[in-house]
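K.L.:
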Amino acid sequence: MKGIIVAAGYGTRFLPVTKTVPKELLPVGTRPAIAFIVDEFVASGIEEIAIITSRRKKALDDYFDREVELEELFMREGKADKLALIAPPKAHITFVRQAQMRGTGHALLQVRAFAAGQPCVVAYPDDLHVGSPPLAAQLAEVYGRTGKTVMATIHEPGDVSRYGVIDPAGDGITVKGFVEKPAKGREPSHEVSIGRYLYTPEFFDLLDEGWKKHGGGEYFHTYALDRLIAAGKVAFCRTVGERLDTGEPAGYLDAILRNAAEDPGLRPVLERFAREKLGLH
Ligand code: G1P
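Convert by adding 15 to the 1-based position in the sequence shown; the result is the number in the working numbering.
What follows is the structure in structure tokens.
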């Protein structure tokens, strides 16, 4: 199984910082958000990862490269802990550029050759997963049972209008419909898609077929997904664990706070803040 991270977007919700810093490199603690996804992939047994970037995101390539000068310095100084911090991930990472921002379907077509012949987990880097088993492994488990494309979901009891929402079949595993960002009151359920998919090779064939007919403007992954759903070839996987949404500033702050709460060095800062600024004891 291979992994793909769709990271070409502008990150406009984080302007102005994203004029120069890719959204995926904004840190949660001392590590960029995208590193959490690479870790999830590696922990799921994925050894080949493609990251879809764009010309404005060169820093992503640099982040995953080796830092030879620092490595030599830490070796000389015998600083094994610092060496471990800058070690590149235990996966081979390929960077593929999307030359024009023409939608998620177009982005995924850039890695069609990379994806050929086996199931691939696709991650939107806004959605981080905390918990065990790692989310990509959860999707692989459902694929192993069904042989279908798999969408990761969570149950969202509140407003779901900013999500893709699935219509689950009575068997509790098949997706029989999907509505992207339904108007309030028009949602088929409260089972929402989060940014992880396991796509079978057929998904990429359908994507290519749709692209050839596509007139102009943006082209979305939903073209292929809708066809697979109509053929009964999509399953869903209710995510076990916590999902953090770093796609907008409030969710990003929440991810930072939750990360700090788990870090013995940072937790006292949170506790002091809660006492002094929020009046909590
Ligand atoms: C994307 C997907 C949507 C999904 C969401 C999860 O939307 O298109 O189906 O529910 O990610 O984060 P976006 O947030 O990129 O608008």
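Just so you know, even glycine gets a beta-carbon here, dropped at the ideal spot from N, CA and C. Note that this is a predicted model, so its numbers are computed, not measured.
1) Would you list the residues sitting across from T68 in a DSSP beta bridge?
2) M166 bridges to which residues according to DSSP?
3) How would you write the range of the alpha helix (DSSP H) that T271 sits in, first residue to last?
4) Taking three-plus beta-carbon pairs below 8 Å as touching, is the stretch 163-178 in contact with the stretch 203-223?
5) With distances taken from CA atoms, which of R117, P140, D186, F110 is nearest F129?
6) Can you look up L259 in the DSSP assignment and give me helix, strand or coil?
7) In this structure, does DSSP put V190 in helix, strand or coil?
8) What residues in its chain sit with their C-beta under 8 Å from that of A184, if we drop five residues either side in the sequence?
9) Does the Cβ of I209 lie closer than 6 Å to at least one heavy atom of the ligand G1P?
10) Flag Y178 as yes when its Cβ comes closer than 6 Å to any non-hydrogen atom of the ligand G1P, and as no otherwise.
11) Whose C-alpha, out of P31, A48, V21, is nearest the C-alpha of Y267?
12) By Cβ distance, which residues of its chain are closer than 6 Å to L281, with the 5 residues on each side in sequence left out?
13) Starting from I181 and walking both ways along the beta strand (DSSP E), at which residues does that stretch end?
14) Where does the unbroken alpha helix (DSSP H) through L75 begin, and where does it stop?
15) Along the beta strand (DSSP E) that carries I20, what are the first and last residues, could you check?
16) Please determine whether the Cβ atom of Y214 lies at a distance below 6 Å from any heavy atom of the ligand G1P.
17) Nearer than 6 Å: is that true of the beta carbon of Y267 relative to any heavy atom of the ligand G1P?
18) When you compare only the Cα positions, how much space is there between P37 and L75?
19) For T33 and G44, which I take to be in contact (beta-carbon distance under 8 Å), what is that distance rounded to the nearest angstrom?
20) Could you say if the stretch 95-106 and the stretch 214-230 meet the contact criterion of at least three C-beta pairs nearer than 8 Å?
21) Check this for me: beta carbons of H14 and Y234, under 7 Å apart or not?
22) Should T119 go down as buried or exposed, given a rule of 16 or more other Cβ atoms within 10 Å for buried?
23) Say the cut is 6 Å; is the CB of D142 nearer than that to a heavy atom of the ligand G1P?
24) Taking the straight line between their C-alpha atoms, what separation do you get for E291 and R91?
25) Rounded to whole angstroms, what is the Cα-Cα separation between D77 and L123?
P.N.:
The answer reads as follows:
1) Note: T68 is bridge-paired with R112 in the DSSP secondary-structure output.
2) Among the bridge pairs identified by DSSP, M166 is matched with Y212, F251.
3) In the sequence under discussion, the amino acid at residue 271 is Ile, which differs from the Thr named in the question. First-last of the alpha helix (DSSP H) with I271: 264-276.
4) yes
5) F110
6) strand
7) strand
8) If the five residues before and after A184 are omitted, its C-beta is found closer than 8 Å to the C-beta atoms of V190, K191, all from its own chain and listed in chain order.
9) yes
10) yes
11) A48
12) Spatial neighbours of L281 in its own chain (CB-CB distance under 6 Å, excluding positions within 5 residues in sequence) are listed in chain order as A275.
13) 179-183
14) Start and end: 73-79.
15) 17-21
16) no
17) no
18) 7 Å
19) Taking the Cβ atoms as the reference, T33 lies roughly 19 Å from G44, outside the contact range of under 8 Å.
20) no
21) One cannot answer for residue 14 here, as it falls past the ends of the chain, which runs 16 to 296.
22) So T119 counts as buried.
23) yes
24) 44 Å
25) 22 Å
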